[in-house]
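Here the sequence shown stands for residues 186 to 651, where the numbers follow the numbering used here. Using N, Cα and C, we set each Cβ at its ideal position, and we do this for glycine too.
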Amino acid sequence: MVNKNTALSGLSILLIEDDPSSSSRIESGLKNFGAHVHTALTALEASEILSREQIHVILVSLTLTDEKCLGLIKDYKARRHDTLFYLLAEQNYCHVEPVEESVRQILDDCFPRPLDVERFAGIVGASFGRPRTSTSLSVIEPLSVKAKPYFIFRSYTMRLALSNLPQIAASEQTVLISGETGTGKELVARAVHMLSPRSDGPFVPINCGAIPESLIESELFGHEKGAFTGALKSRKGKFESAHNGTLFLDEIGDMPLILQIRLLRVLEDGELYRVGGDKRIPVNVRVITATHTDLEGAVGNGLFRKDLYYRLNVLRVHLPPLRGRIDDIPVLALHFLERTFDEMGHSKPYPAFSPETVHLLQQYQWPGNVRELRNIMTRVATLLPPDTKRIFPMHILPHLGEIKSPESEPDILPSSEGIFIPKGTPIDEAEELLIQEALKQTDGNRTQAARLLGISLRTLRRKLNK
186 MVNKNTALSG
196 LSILLIEDDP
206 SSSSRIESGL
216 KNFGAHVHTA
226 LTALEASEIL
236 SREQIHVILV
246 SLTLTDEKCL
256 GLIKDYKARR
266 HDTLFYLLAE
276 QNYCHVEPVE
286 ESVRQILDDC
296 FPRPLDVERF
306 AGIVGASFGR
316 PRTSTSLSVI
326 EPLSVKAKPY
336 FIFRSYTMRL
346 ALSNLPQIAA
356 SEQTVLISGE
366 TGTGKELVAR
376 AVHMLSPRSD
386 GPFVPINCGA
396 IPESLIESEL
406 FGHEKGAFTG
416 ALKSRKGKFE
426 SAHNGTLFLD
436 EIGDMPLILQ
446 IRLLRVLEDG
456 ELYRVGGDKR
466 IPVNVRVITA
476 THTDLEGAVG
486 NGLFRKDLYY
496 RLNVLRVHLP
506 PLRGRIDDIP
516 VLALHFLERT
526 FDEMGHSKPY
536 PAFSPETVHL
546 LQQYQWPGNV
556 RELRNIMTRV
566 ATLLPPDTKR
576 IFPMHILPHL
586 GEIKSPESEP
596 DILPSSEGIF
606 IPKGTPIDEA
616 EELLIQEALK
626 QTDGNRTQAA
636 RLLGISLRTL
646 RRKLNK
């Protein structure tokens, strides 16, 4: 949490906002963090302040970004290069098409209404050298040097999920990898293979859900000439192709029950029969399987054999969804973005994310997980306007699905309603009354209540836990 009274200490902030109630709330919040705040309702008032004051930060409402106001800010930044310029937009962040080009050339970041003053203070404070608890884009060293080429992460959740990977790779036992679609299950399987003594052998993947039921038996175990219509010659299956290596069976839960029996027999005996053949063929294969479904539930429903489940689930790796490892989102996003720029032949330095863009990426739920993040960063890099120096929320939002955040609420409690706080009420009691009223107005929704009060959800939770 940002330290109040120190985060913005010594900084002079100009707030240009034409909504008096919003201006008053933001001014009060910034002063709580030690800032010296000047307010202006118009560009003319702002001009007078800038002519006589040294301003470190300019925060402007999107409604006031006409050419006159932008020209004023450009002139001031030309004289004082270290002055920061932030835009206060609506909940949809940056629908600034009419002035997008002129804005983005001088913009440092864009924040949605109602302004989260605590997060704003942390970002501004960090820009002027104050420490803050935030998301740095530096990559923490992975769990081992060998694993480094395969994974980019720094979250404790992911570190815990992969903590036993070297021991798992060194083993010859079967491995079951679980996790939602797009979490990187095949990547983990390849890493296990490459870190294992079988790394010189083949890695053969097959998706059990992508092959018609009538063909999957032949795909896995091969067939002899004439075994069925169209079998014009003998053919090896995936098991034989993976001899002395690793066979990766993705979406194992989609395998038909009749084939589960054959798979179990191959795992137990280390040999197979091709379809239409009577010759036993020995195979030396390590099997890694993956699923996005609940295999235990499938066993209970009679859709998956219990004996095969226990044979496959010897060593287990469960990959968390991307929304459960938000510390990894910025480093992964940056990796995919820069990889696309590199593939496109762009020269460095590449555009960087603004802090509010990082926050936006971490707020999104990522139903498609890492795969979705990769695809969106590829799209952003490909469609980014030329000469862009910084990536703002306006560049990301068109490519995202629904952001699961509350609709825009008013900056303060409605003037038609209120509460009575008797004279002499201690500040802690008055604060509690305000919190309870906000919770009442939002039907107990803490996120909306925090927005009404102009504080972060974390701050509200802390106060409620007192």
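Query	Result
Considering only C-alpha positions, which residue in the set L638, A225, S197 is nearest to S208?	A225
Would you give the residue range spanned by the alpha helix (DSSP H) that N217 belongs to?	205-217
For chain C, is any of its Cβ atoms less than 8 Å away from the one on D628?	The structure shown contains no chain C; it holds only a single protein chain.
Going residue by residue through the region 447-502, where are the continuous alpha helix (DSSP H) segments of at least 4 residues, counting only ones entirely within it?	480-485, 491-497
Distance check for A374 and S329, CA to CA, integer angstroms please.	Residue confidence for S329 is low, a pLDDT of 41 falling below 50, so the modelled location carries little weight; the figure read from the coordinates is stated next. Looking at the two C-alpha atoms, the distance is approximately 16 Å.
Ends of the beta strand (DSSP E) at N392?	388-392
For L442 and L448, I'd like the C-alpha separation in whole angstroms.	10 Å
Mind the definition here: the region 456-467 touches the region 401-413 only if three or more C-beta pairs lie below 8 Å; say whether that holds.	yes
Which residue wins for smallest C-alpha separation from V484, given the options N498, R471, V472, I473?	N498
Return the bridge partner residues of G430 from the DSSP annotation.	V470
Would a C-beta distance cut-off of 8 Å place S246 and E202 closer than the cut-off?	yes
Which residues does DSSP pair with R575 in a beta bridge?	A537
For F526, which three-state DSSP category applies?	helix
Which word fits D439, buried or exposed, when buried means at least 16 other C-beta atoms lie within 10 angstroms of its C-beta?	buried
Looking only at DSSP bridge pairs, what is Y225 linked to?	With the sequence shown as reference, residue 225 is identified as Ala, and Tyr is not the correct amino acid for it. Looking at the DSSP assignment, A225 forms a beta bridge with I201.
What is the residue span of the alpha helix (DSSP H) that A192 lies within?	Taken as a continuous stretch (DSSP letters only), A192 belongs to no alpha helix (DSSP H), as it is neither H nor E.
Return the first residue and the last residue of the alpha helix (DSSP H) that F406 is part of.	398-406
Within 10 angstroms of the Cβ of E326, are there 16 or more other Cβ atoms? Answer buried if so, exposed if not.	Reliability of the predicted coordinates at E326 is poor, the pLDDT of 40 falling under 50, and the value obtained from them is presented with this limitation in mind. Answer is exposed; the Cβ neighbour count stays below 16.
Do R339 and D454 come within 8 Å of each other at the CB atom, strictly closer than that value?	no
Taking contact to mean at least 3 C-beta pairs separated by less than 8 Å, is the region 466-483 in contact with the region 356-367?	yes
Under the three-state reduction of DSSP, which class applies to Y261: helix, strand or coil?	helix
What distance in whole Å lies between the Cβ atoms of T563 and F521, which are believed to be in contact at a cut-off of 8 Å?	7 Å
So, with DSSP's three-state summary, where would you put R420?	strand
So is N554 buried or exposed if we call it buried at 16+ other beta carbons inside 10 Å?	buried
Measure the C-alpha to C-alpha separation of L215 and I576 and round it to an integer number of angstroms.	26 Å
Could you give the DSSP three-state label for S232: helix, strand or coil?	helix
Looking at F270: is its Cβ nearer than 8 Å to the Cβ of L292?	yes
Applying the 10 Å Cβ sphere with the 16-neighbour rule, what's the burial state of S593?	Caution is warranted here: a pLDDT of 38 is assigned to S593, below 50, making its placement in the model unreliable, and the coordinate value is therefore given only provisionally. Exposed, by the Cβ-count rule.
What is the DSSP secondary structure of L196, reduced to helix, strand or coil?	coil
Count the other CB atoms within 10 Å of the CB of H503; is the residue buried (16 or more) or exposed (fewer)?	exposed
Express the C-alpha separation of Q633 and P351 in angstroms, rounding to a whole number.	45 Å
Where does D294 sit, in a helix, a strand or coil, going by DSSP?	strand
Since A274 is in the beta strand (DSSP E), which residue starts that stretch and which ends it?	269-274
Can you give me the C-alpha to C-alpha distance between L196 and L619, rounded to a whole angstrom?	29 Å
Check whether the region 372-391 touches the region 413-432, counting contact only when three or more Cβ pairs, one atom from each stretch, lie closer than 8 Å.	yes
Given this structure, state the Cα-to-Cα distance separating T250 from N630, to the nearest angstrom.	33 Å
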